[in-house]
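Residue numbers for the sequence shown, in my numbering: 163 to 270. Just so you know, even glycine gets a beta-carbon here, dropped at the ideal spot from N, CA and C. Worksheet: one structure, shown below.
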Amino acid sequence: MADKDDTSEPTIANDLVVTKYKMAGKMVDWVLNKLIEKCIPGTSVISICEAGDQLLEEETSKVFKKEKGVKKGIAFPTCVSVNNCICHFSPLKSGPDYLLSDGDMVKL
Numbered sequence: 163m164a165d166k167d168d169t170s171e172p173t174i175a176n177d178l179v180v181t182k183y184k185m186a187g188k189m190v191d192w193v194l195n196k197l198i199e200k201c202i203p204g205t206s207v208i209s210i211c212e213a214g215d216q217l218l219e220e221e222t223s224k225v226f227k228k229e230k231g232v233k234k235g236i237a238f239p240t241c242v243s244v245n246n247c248i249c250h251f252s253p254l255k256s257g258p259d260y261l262l263s264d265g266d267m268v269k270l
């Protein structure tokens with residue numbers, strides 16, 4: 163029987179890893195619901211993206227505080243793709259903004 167190697171990468175076979183994935187899913191679901199509420203005509207796409215990033219940062223900062231050196235936060239920025247933009251639209255503050263209009267197809 164081989165000894166357990168503590169330096170190995172955690173896998174989905176580890177209960178703690180599964181718990182973290184479930185918690186992350188619940189956080190993202192909560193954030194998405196908050197962002198859906200913001201998707202009304204006249205709202206800036208940049209403001210929705212910033213709100214999504216901020217909410218996710220706040221939620222991830224609340225969990226697993228005892229683990230030292232564990233990076234938490236955003237792996238991919240909040241994206242709001244409108245109409246013909248298929249995916250991954252996350253505008254910069256320095257770039258042009260888009261205000262949502264009535265009838266826009268919004269994908270978060």
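Extent of the continuous alpha helix (DSSP H) to which residue i belongs
{"i": "V242", "result": "It is not in any alpha helix (DSSP H) - V242 carries neither H nor E in the DSSP assignment."}
{"i": "K255", "result": "No alpha helix (DSSP H) contains K255, which DSSP labels as neither H nor E."}
{"i": "N195", "result": "D177 to K200"}
Cut-off 6 Å between Cβ atoms - residues of its own chain near residue i, not counting five sequence neighbours on either side
{"i": "K233", "result": "none"}
{"i": "T205", "result": "L262"}
{"i": "K269", "result": "S243"}
{"i": "S252", "result": "C211, P239 and C241"}
{"i": "N246", "result": "none"}
Helix, strand or coil at residue i [DSSP, three-state]
{"i": "V207", "result": "helix"}
{"i": "L218", "result": "helix"}
Cβ shell of residue i (< 7 Å), same chain only, five flanking positions each side left out
{"i": "M163", "result": "Low per-residue confidence applies at M163: pLDDT is 47, beneath 50, and the placement is therefore not dependable, though the value from the model is reported in the following sentence. Result list for M163: empty, nothing under 7 Å."}
{"i": "K196", "result": "L217"}
{"i": "V179", "result": "P172 and T173"}
{"i": "L194", "result": "L270"}
Inter-residue spacing [alpha-carbon to alpha-carbon] between residue i and residue j
{"i": "P258", "j": "D177", "result": "45 Å"}
{"i": "E221", "j": "G265", "result": "31 Å"}
{"i": "T181", "j": "K227", "result": "15 Å"}
{"i": "M267", "j": "I198", "result": "12 Å"}
{"i": "G187", "j": "A213", "result": "18 Å"}
{"i": "E229", "j": "M189", "result": "19 Å"}
{"i": "I236", "j": "V225", "result": "14 Å"}
{"i": "I208", "j": "W192", "result": "19 Å"}
{"i": "Y183", "j": "K200", "result": "26 Å"}
Same chain, Cβ closer than 8 Å to residue i, five either side skipped, listed in chain order
{"i": "I202", "result": "L262"}
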